[in-house]
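Below is one structure, written out as C-alpha cells; comments come after it.
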C-alpha cells in the first residue's frame, strides 16, 4: 500500500495548507479518500492520474472534506472521461452534486454512481477479489464515517522445483496458488504446503476522519498496520475539542494503543498551531509509533 | 478603480492557472466578481481582506466561475464574520449554497442575502451614493450576465479662497460640493461654477464573462474606461468557439472597437494555448489598447 497525503489540515484551505484528501494505492486501485477544495490541483501536483481514480470515499459533509468533489467531477467531464466513477458518502451528497450538474446543464458522459451511506454500524461498502472497504462509524457533529481498507489474502507462492519433483500437472498450479491440495499425475494427493509457501501478508489501513474520542471503533480497527487518526487539537484545548467533537493527539494515541495498531499517522491540525512537533510529542507519551501527516508526504505500508 | 485578477483561465484549475475571479476596488467597495475553486486561497495570497468583501457577483453557474463560493462562505463563517454578505447570481445559486449549509448543519452567523437574477435585459442590481452595478446580459450556453460597475459623480472640488472671498457661510460648502448654487451672507446668489471646479472623473468598468460574440451588449458598455472580455479561443478555433458559445480574441476586440472602450483586457484562455501573446496580437489587428489578464496582475483604472 502507498498512501499519499494531498492535504491534512482542518477547516479552511490556505496557501500552503490543504484540507483533507488522501490517495491510497493498493492492489491496482487508487482510492481517493475525502476531497477538500483544491484536491484536483494537488492530484496534478503529485502526478496522480485522474483516470485511475474509480472510487472516492467521503467521510462527512463538512466542507473541508468534500468541497473539491464537484470540481473534480467537472474536470473529469471536461477531460472526456468514460470510466465509471463510484462515490461513497453520506446521504445528501448525491443531491448536492446532481443539483450543480443540473443547473449548469453539464451531465457527465461517464457513469456517476453514488453509494449513499446512513448506517450506524460498520458495513462492507466495496469488495472485489483483492480488496475490501468497510466503514468505521465515528462520533462527530454530523454523520461521519472513517474507512477501513483491507487487502485480501495474496496468492500462495508456488515452489516450482518442488511441484515439478512431485510430478504435478501445470494445469493445477493456479489451484495450488489459491491454497488447494491437488492430485499429481500418478493420482497421489499432494498437500498444498509441500509445494507452496505463504504469499505476501495482506495489509490494512484505517482512515479515521473527524471524531471525538471513541473506543467503539477499536474492535473494527484492531491490529491494523497503519491508522490515520485526526488530532485537531492538543490537550491544551481539551474543552474546545470536546465541544467540537474532535480529538487531541493524546486521545488519538490512546486509540492507537488500545487497538494495538502498527503505526499512527496524525493529521487534521487546527491552524492555531504553527508548529506540529508538539502533536507528535504529546501522542508519544501514550504510543511510540507516531508519524505526522504533512501535505505531499508519502507513506509506504 | 483598482482591479486585481485572481484567476483568468477557463474550465479547470491547475497548479499555476486559476479559474475566473477578480476583485474590483472602487469608492470604498471591494467587489468580488466570480469565484472559481480556490478563490479564497488567491484572496489570501494577494492579501485582500475577507471582511471588506460585502458583495459577490456570479456571472453564471459553470463551475469555473463559482465552485469556490461555498468554500469562501464557509471560511467567512469559521472566521466568525458578522458583516452582511450580498450575493448576486443566477436563479439556483441560493439553492446550491443553502443545501450545502443545511446538510453540514453549518448556518452562517452573518446575513447571507441572495439577489437571484433571471432578467433578460440589463438591470441595476446595486446602487448606493457612490456606485451603481448593472447586469450585461450575455449569450452563453447557460443564463449568464456580465457586470457594469459605474462610479457616480464625485463631489465638485471647492475653491476655498474663492468661497471665502465671496463671503459664503461654511454651512453651505457641502451643498456647493454637490453642485448647488447658494446665497452668500449678503443675500447674493453665487453660481456654483464661480467657487468650484469639476471633481474627479467617474470611471466605468465592464466585466464581460463567458459569451458568444454579441453586439447586443454594445449600447450597455459604450465608452467604458476598461472592458474585460473573455477570449477563450483564437480564430484558429472559430468553429469550436461558436459551438461552445465563447469568443475569440478578435471578436472581443471587435466589440471593444465598436463600443469605443478605453482599454480591453482579455482573459478566460483555453488551456490548449501555452503562449498568451497570440491573443494580444490577434486582438490588436482590430483594436490597439489591449492588455492580457494574468493571475495576480493588477490594473489601475
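Residue numbers (the numbering used here), protein chains in the order written: chain A, 5 to 305; chain B, 5 to 305.
Glycine included, every Cβ here is placed at the ideal spot set by N, Cα and C.
Inset, instruction - Could you please give the first and the last residue of the uninterrupted beta strand (DSSP E) stretch that includes residue 137/A? - result: Run containing residue 137/A: 135–141, per the beta strand (DSSP E) assignment.
Inset, instruction - Using the Cα positions of residue 60/A and residue 59/B, report the straight-line distance between them to the nearest angstrom. - result: Each residue's alpha carbon lies about 35 Å from the other.
Legend entry - For residue 273/A, the nearest candidate out of 23/A, 64/A, 201/A, 164/A (CA to CA): Looking at 23/A, 64/A, 201/A, 164/A, the one whose alpha-carbon comes closest to that of residue 273/A is 23/A.
Legend entry - Reference residue 70/A, options 284/B, 225/B, 74/B, 70/B, closest by Cα: Out of 284/B, 225/B, 74/B, 70/B, 74/B has the C-alpha closest to the C-alpha of residue 70/A.
Inset, instruction - Taking residue 155/B as part of the beta strand (DSSP E), name the residues at either end of that continuous run. - result: Counting along the chain, residue 155/B sits inside the beta strand (DSSP E) bounded by residues 149–155.
Legend entry - Rounded C-alpha distance that separates residue 203/B from residue 158/B: Using only the alpha carbons, I get a separation of about 5 Å.
Inset, instruction - Kindly indicate which three-state DSSP category residue 144/B falls into: helix, strand or coil? - result: In the displayed model, residue 144/B falls within coil according to three-state DSSP, outside both helix and strand.
Inset, instruction - Determine the DSSP secondary structure at residue 23/B, reduced to helix, strand or coil. - result: Strand at residue 23/B.
Inset, instruction - Identify the contact partners of residue 91/B in chain A, using a Cβ-Cβ distance below 7 Å as the criterion. - result: Those do not exist, as residue 91/B stays about 15 Å from chain A at its closest Cβ, beyond 7 Å.
Legend entry - Beta-carbon proximity check, residue 47/A vs residue 26/A, cutoff 9 Å: No, Cβ-Cβ distance for residue 47/A and residue 26/A is not below 9 Å.
Legend entry - Under the three-state DSSP convention, the category residue 198/B falls into: Helix, per DSSP.
Legend entry - Proximal residues of chain A, C-beta to C-beta of residue 99/B below 9 Å: Correct list: 103, 107.
Inset, instruction - Pick helix, strand or coil for residue 161/A, following the three-state DSSP scheme. - result: Strand, per DSSP.
Legend entry - Where the beta strand (DSSP E) containing residue 94/A begins and where it ends: Counting along the chain, the beta strand (DSSP E) containing residue 94/A begins and ends at 89–94.
Legend entry - Paired residues, beta bridge with residue 237/B - DSSP: For residue 237/B, which the question treats as bridged, DSSP gives the partners 252/B.
Legend entry - Which listed residue (181/A, 152/A, 148/A, 184/A) has its alpha carbon closest to that of residue 216/A: Of the listed residues, the one whose Cα sits closest to residue 216/A is 148/A.
Legend entry - Contacts around residue 154/A, its chain only, beta-carbon distance under 6 Å, and the 5 residues preceding and following it disregarded: 136, 208.
Legend entry - Whole-angstrom distance between residue 104/A and residue 227/B, CA atom to CA atom: Take the alpha-carbon of residue 227/B and the one of residue 104/A: they are about 36 Å apart.
Legend entry - Listed by chain order, chain A residues near residue 66/B by CB distance under 8 Å: Those within 8 Å of residue 66/B in chain A are 108, 110.
Inset, instruction - Could you spell out the range, first to last residue, of the beta strand (DSSP E) harbouring residue 271/A? - result: Note, residue 271/A: beta strand (DSSP E), 267–271.
Legend entry - Interface positions of the stretch 134–148 of chain A facing chain B (Cβ-Cβ less than 8 Å), listed along the chain: In summary, the residues of the stretch 134–148 of chain A whose CB is separated from some CB of chain B by less than 8 Å are 145, 146, in the order they occur in the chain.
Inset, instruction - Pull up the distance between the alpha-carbon of residue 246/B and that of residue 79/A, whole angstroms please. - result: Put simply, the backbone Cα of residue 246/B is about 21 Å away from that of residue 79/A.
Inset, instruction - Please name the residues in the stretch 41–59 of chain A whose beta-carbon is closer than 8 Å to at least one beta-carbon of chain B, in chain order. - result: Listed in sequence order: 41, 42, 44, 45, 48, 49.
Inset, instruction - Buried or exposed for residue 234/B, please, with buried defined as at least 16 other CB atoms from any protein chain shown within 10 angstroms of its CB. - result: The residue is buried, with at least 16 neighbouring Cβ atoms inside 10 Å.
Legend entry - Straight-line gap, residue 192/B to residue 198/B (C-alpha atoms, nearest Å): When rounded, the distance between both Cα atoms is 13 Å.
Legend entry - Contact between the stretch 83–94 of chain A and the stretch 110–118 of chain A (3+ Cβ pairs under 8 Å): These segments touch.
Inset, instruction - Give the range of the alpha helix (DSSP H) segment to which residue 245/B is assigned. - result: First-last of the alpha helix (DSSP H) with residue 245/B: 242–247.
Inset, instruction - Could you work out which residue in 168/A, 232/A, 146/A, 163/A is closest to residue 64/A when comparing CA atoms only? - result: The shortest C-alpha to C-alpha distance from residue 64/A to any of 168/A, 232/A, 146/A, 163/A is the one to 146/A.
Inset, instruction - Going by DSSP, name the residue or residues bridged to residue 212/A. - result: DSSP lists 233/A as the bridge partner or partners of residue 212/A.
Inset, instruction - At 8 Å on the CB atoms, spell out the chain D contacts of residue 82/A, in chain order. - result: Reference to chain D is not applicable here, since the protein chains of this structure are A and B.
Inset, instruction - Would you kindly work out how many angstroms separate the C-alpha atoms of residue 30/B and residue 259/A, rounded to a whole number? - result: If I take the Cα positions, the gap works out to 54 Å.
Legend entry - Boundaries of the alpha helix (DSSP H) in which residue 41/B is found, first to last residue: Unbroken run through residue 41/B: none, as it is neither H nor E.
Inset, instruction - Please classify residue 174/A: does DSSP put it in a helix, a strand, or coil? - result: Three-state DSSP puts residue 174/A in a helix.
Inset, instruction - Can you grab the Cα-Cα spacing for the pair residue 150/B / residue 56/A, in whole Å? - result: Looking at the backbone, the Cα of residue 150/B and that of residue 56/A are separated by about 38 Å.
Inset, instruction - Report yes or no: is there a C-beta of chain B within less than 9 Å of the C-beta of residue 79/A? - result: Cβ-Cβ to chain B under 9 Å: yes for residue 79/A.
Legend entry - Test: residue 237/B CB closer than 9 Å to a CB of chain A: Interface flag for residue 237/B against chain A is unset, since no Cβ pair is found closer than 9 Å.
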